[in-house]
Amino acid sequence: MSRRTIIPFGPQHPVLPEPIHLDLVMEDEKVVEAIPSIGFIHRGLEKMAEKKDFQEMAYIAERICGICSFIHSMGYCQAIEAVLRLEIPRRAEFLRVIWGEMSRIHSHLLWLGLTADAFGFESLFMHTWRLREKLLDLIEETSGGRVIFGVCKVGGVRRDVDAEALDRLLAALADLEADCREIAAVFARDASVQRRLSGIGVLPKEEALRLGAVGPTLRGSGVPSDSRRLGYAAYDALDWAPVTEEAGDCRARCLVRMREIAQSFDLIRQAVAKIPEGPVSAKVVGAPRGEYFARLEQPRGEVVYYVKGNGTKHLERFRVRTPTFANLPPLLKILQGCELPDVPIIVLTIDPCISCAER
Amino acid sequence: MMIETQPLEPLDRAALPARVAALAKEGWRLVQICCSCRDAYEVTYSFDREGRFLNLRIGFSKEDPALPSITESYFGAFAYENEMQDLFGLRLDGLKLNFHGNFYRLAKKNPFLDPPAAGSPGASPAASPSAPSAEGAPRAAPDPRPT
Amino acid sequence: MAHLTISKLLAKSAAKKPATRRYPAEKRTPPKGARGRVTMKQLETCVFCGVCGKKCPTRAIAVKRAEKTWEIDRLKCILCGECVEVCPKDSLTMEEEHAAAFVAKRIESHVQRPQPAPPDPP
Ligand code: SF4
Ligand code: SF4
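Just so you know, the protein sequences line up as chains X, W and S, in that order. Counting from -10, one number per residue, gives the positions in the first sequence under our numbering. Counting from 164, one number per residue, gives the positions in the second sequence under our numbering. Counting from 371, one number per residue, gives the positions in the third sequence under our numbering.
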């Protein structure tokens, strides 16, 4: 047996823009075990809910993550609305879907770019981010913010998008969709991309389920699990099915995200076609009393928002289980037995967002 | 509006490992573990199977902050259990990957344990500089260089 | 498996003008409705009721009734726009252009001068 060595990886690492540290126990070039250590940036936002007004908390929830920002505020608002038994206008639910899917496209494009960068395909990285920039402009046009949308509030949304703006959005998204297809072809077919991703970091279906994987990590292993199927917001009115890939390797996870981009464009089109007229927010009366677990699908997977109110304007307990937190154990599993040069790419394919994992 | 039915099953602490092992066998996915603590501990284990949601809830007093670990059935629970250990000062018996209180690097031990005394600046979570400590308190003296 | 699948895209973008802007020479105009910065548009109409400061989630605004001053700490402001929405006198506005970067912390303060004819009573 060869001698074991430990290689520290992160929290500062050229290909890893996230503060996670891994102790890689190595035998020659092979990783035998990976021991994670996080907690460099624990912010204690959950505790903050005990001192903030529950309506103001929506702004803080949105800032848990800078990438899935909108869906965070949406999750928080849904949880509070469920506790309050507050019926929000249908138009607001459709707008939430539209913004939520825009945020998904933005997140997936960002991830695809970072992945291309991690395997050294700089031109692909630049082009992916060029497209993301266009999408950010669209987000700013409709919501007023580029990354932090700031439009979700308890009781609905804070601004309406009129029919003309929605048409403009659709036209711009159609152009963007065509551009995304060009990029997708490179990811799906290019030989150098295939060699870097195929057969690496395989997560079998049973393992994925047992270790609690969520989102594209789980769907890349062939499990059609997607929280949007619960039919929250307006997803019950739209026609779609979860994207899955069977292989369970890095390429499968990459393909899932790419196909989800196409699906999100389609969902936005459907939502714009079906959006009803009406108000966009309902009046909030009273304070939350009771508890609820809201489950939503973020770009990185299922997020769980738990709120417990005691009838005052401060929550008693606010908890967020972010997708990356659930994807850490499967990550450790896939790292076992991989080659050292594959570590960054494997870590990236779960789309780690440590900042939101630590809240 | 969609409100899920979320059955809540109260459970005794000692019965937890067996119940969880049974759920694992039936193919439930561990969704999350949530600890909260006001007057007593309340730990909720959530599971999902094909969209169905199930919660197990365990309550116990502050005097005896210990829980059996479920990492035997769900290895992935180590993250949640270490989190509870760090933030709430629980002792997890039989935890397979135990960071012994070093999972999070915190400025204060078990910061989530005490409810903050209203308005007291010292009660800020984790005493991190980013957490505003004096919420709602009047702002510090304005800068002497007005524009 | 295919090789050089990106070359078509590269050739296309080489023929086009750059996707980026030559920044200081060519500035971006923010779209309509963007949240850039909060400004005190009409100081004369402000009645110093303090609602904006109370509604601000980050307490970035301080209103002093006695001294008739309205102050904002831009580094605290998260550009949510609540203050603009709640102001009963429509004194505040959200501009699309962002505030310029600062080199030092400062609080922007507006003091209402005594007016010959007082504005409509609060
Ligand atoms: S809410 Fe409007 S009128 Fe009242 S203090 Fe603020 S700016 Fe002045
Ligand atoms: S925009 Fe929001 S954060 Fe900024 S001053 Fe107004 S209320 Fe406060």
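We put the CB at the ideal spot given by N, CA and C, even for glycine.
Under 8 Å, do residue i and residue j count as touching if we go by C-beta distance?
i      : j      : result
X/T338 : X/R242 : yes
X/A226 : X/L75  : no
W/L171 : W/R220 : yes
S/R429 : S/E465 : no
X/R308 : X/E35  : yes
S/S479 : S/T415 : no
S/L445 : S/K475 : yes
S/L413 : S/Q482 : yes
X/G267 : X/R79  : yes
X/R248 : S/T375 : no
X/Q325 : X/R240 : no
X/V175 : X/L113 : yes
W/G252 : W/P228 : yes
Pull up the distance between the alpha-carbon of residue i and that of residue j, whole angstroms please.
i      : j       : result
W/L255 : W/S224  : 15 Å
X/Q67  : X/E280  : 12 Å
X/L158 : X/G190  : 38 Å
X/I335 : X/M15   : 16 Å
X/A180 : S/G403  : 44 Å
S/A432 : X/E70   : 31 Å
X/S26  : S/V417  : 54 Å
X/R119 : W/C200  : 47 Å
X/G237 : X/E196  : 10 Å
X/L329 : X/L5    : 14 Å
X/K302 : X/E18   : 55 Å
W/W191 : W/D211  : 6 Å
X/W229 : X/A251  : 11 Å
X/I77  : S/K387  : 46 Å
X/F59  : X/R(-7) : 45 Å
Here's the rule: buried if 16 or more other CB atoms are within 10 angstroms of the residue's CB, otherwise exposed. What is residue i?
i       : result
S/F472  : exposed
W/N218  : buried
X/I(-4) : exposed
W/K188  : exposed
S/S377  : exposed
S/P458  : exposed
W/D202  : exposed
X/E82   : buried
S/H468  : exposed
S/K506  : Past the edges of chain S, shown from 371 to 492, lies residue 506 of chain S, and the structure says nothing about it.
X/V20   : buried
X/K322  : buried
X/E45   : buried
X/G133  : buried
W/I166  : exposed
X/N316  : buried
S/K382  : exposed
W/N245  : buried
S/Y393  : exposed
Under 7 Å Cβ to Cβ from residue i, same chain only, skipping five residues before and after it: list those, please.
i      : result
W/R182 : L174 and L219
W/Y243 : Q195 and I196
X/R135 : L125, I128 and E129
S/E452 : K425, C426 and P427
X/E22  : V14 and Q325
W/G239 : L193
Cutting at 6 Å between CB atoms, please list the residues of its own chain near residue i, excluding the five before and the five after it.
i      : result
X/F29  : P0 and P8
X/F314 : A346
X/L73  : P277
X/I24  : D12
X/G211 : K194, T233 and E235
X/I87  : I257 and A260
X/G64  : A283, L285, V292 and Y294
X/D215 : P231 and E286
X/L207 : A197 and S214
Among the residues of its own chain, which have a CB less than 8 Å from the CB of residue i, if the five just before and after it don't count?
i      : result
W/A289 : Low confidence applies here, because W/A289 scores a pLDDT of 39, under 50, leaving its location unreliable; read the following figure in that light. The answer, listed in chain order, is L269, A270, K271 and P274.
W/A177 : P231
X/A154 : E130 and T131
X/C342 : E7, C54, I56, C57, R289, T311, P312 and T313
X/V273 : Q44, L73, L75, V143 and G144
S/E437 : V481
Taking 8 Å as the CB-CB limit, is residue i close to chain C?
i     : result
X/A71 : In the structure shown, chain C does not exist; the protein chains are X, W and S.
Return yes when the C-beta of residue i is under 7 Å from any heavy atom of ligand 3, and no when it is not.
i      : result
X/W100 : Questions concerning ligand 3 fall outside what the structure shown contains, since the ligands it does hold are ligand 1 and ligand 2.
Runs of alpha helix (DSSP H) wholly within the stretch 313 to 338 of chain X (minimum 4 residues, chain order): Complete alpha helix (DSSP H) runs here, min 4: 332 to 338.
Whole beta strand (DSSP E) elements within the stretch 225 to 299 of chain X, 3-residue minimum: Counting only runs of 3 or more residues that sit fully inside the stretch 225 to 299 of chain X, the beta strand (DSSP E) segments are 278 to 287 and 290 to 299, in chain order.
Runs of alpha helix (DSSP H) lying entirely within the stretch 59 to 145 of chain X, each at least 4 residues, in chain order: Whole alpha helix (DSSP H) segments, 4+ residues: 79 to 107 and 111 to 132.
Residue ranges of each alpha helix (DSSP H) within the stretch 175 to 202 of chain W, 4 or longer: As far as the stretch 175 to 202 of chain W is concerned, its whole alpha helix (DSSP H) runs of at least 4 residues are 179 to 188.
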